Amino acid sequence: MIYRHLNEKDRFYIEQRLSEGDSLRSIARALGFSPSTISREIKRHTPIDFKGLYCHRLTSRCAQEKRANAKQGQAFQQISEEAKMLIHQRLKTHTSPDVISQELIREHNIQVSESTIYRYIYDDREQGGELYKNLPHSGKPYKKKVSRGDQTKIGTVAKNYSELQKGYFIVLSA
Numbered sequence: 001m002i003y004r005h006l007n008e009k010d011r012f013y014i015e016q017r018l019s020e021g022d023s024l025r026s027i028a029r030a031l032g033f034s035p036s037t038i039s040r041e042i043k044r045h046t047p048i049d050f051k052g053l054y055c056h057r058l059t060s061r062c063a064q065e066k067r068a069n070a071k072q073g074q075a076f077q078q079i080s081e082e083a084k085m086l087i088h089q090r091l092k093t094h095t096s097p098d099v100i101s102q103e104l105i106r107e108h109n110i111q112v113s114e115s116t117i118y119r120y121i122y123d124d125r126e127q128g129g130e131l132y133k134n135l136p137h138s139g140k141p142y143k144k145k146v147s148r149g150d151q152t153k154i155g156t157v158a159k160n161y162s163e164l165q166k167g168y169f170i171v172l173s174a
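Here UniProt numbering is used: position 33 in the sequence shown is 33, and no number is missing along the way.
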């Protein structure tokens, strides 16, 4: 099933089929939604004073109001200018958002979660900002740790190099 919101036609269809006495499963199957989606829609949007009757007009109006009043992207809009300044300063020193969040709480009594800081950084990136470049591991290549076997090879090369300095010649056969 493809994820999509219920639209006014879907809600009208639900109202008609419910008035005919059809089951939630058959309605869901016909619309291509999960039965739990239809059940949730009916429970959320059936007013008590309607005595259990589902009204598609009222439901559509409620859904539009919810969408209009949604607080999209407000988490980092509520960050104070002081907190933003501190976040910028700490990011310049390549401090991780996790550490920044803990420092803001401990030292400045400002509550900003790690995920809010990450959202703030990526929103800044979408706006053309460059805060993301200051993340601790941003753009750095992975450095493979030297294994135990490689350490002995390094020691062998150094040993052979010291022998070269003494005047010995090493011939390597391939």
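Each residue gets a CB set at the ideal place from its N, CA and C atoms; glycine is no exception. Remember, predicted model here, so these are calculated numbers, not experimental data.
Asked, Found
"Local conformation of N134 per DSSP, three classes", "helix"
"Buried/exposed call for A28, threshold 16 Cβ in 10 Å", "buried"
"Residue burial classification, G32 (beta-carbon count within 10 angstroms, cutoff 16)", "exposed"
"Best match in Y13, S39 and E15 for proximity to L24 [C-alpha to C-alpha]", "S39"
"Top-ranked residue by Cα proximity to I110, from H137, L86 and H94", "L86"
"Straight-line Cα distance separating K92 from L135", "8 Å"
"Sequence-distant residues of its chain with Cβ nearer than 6 Å to D98 (five each side left out)", "E114"
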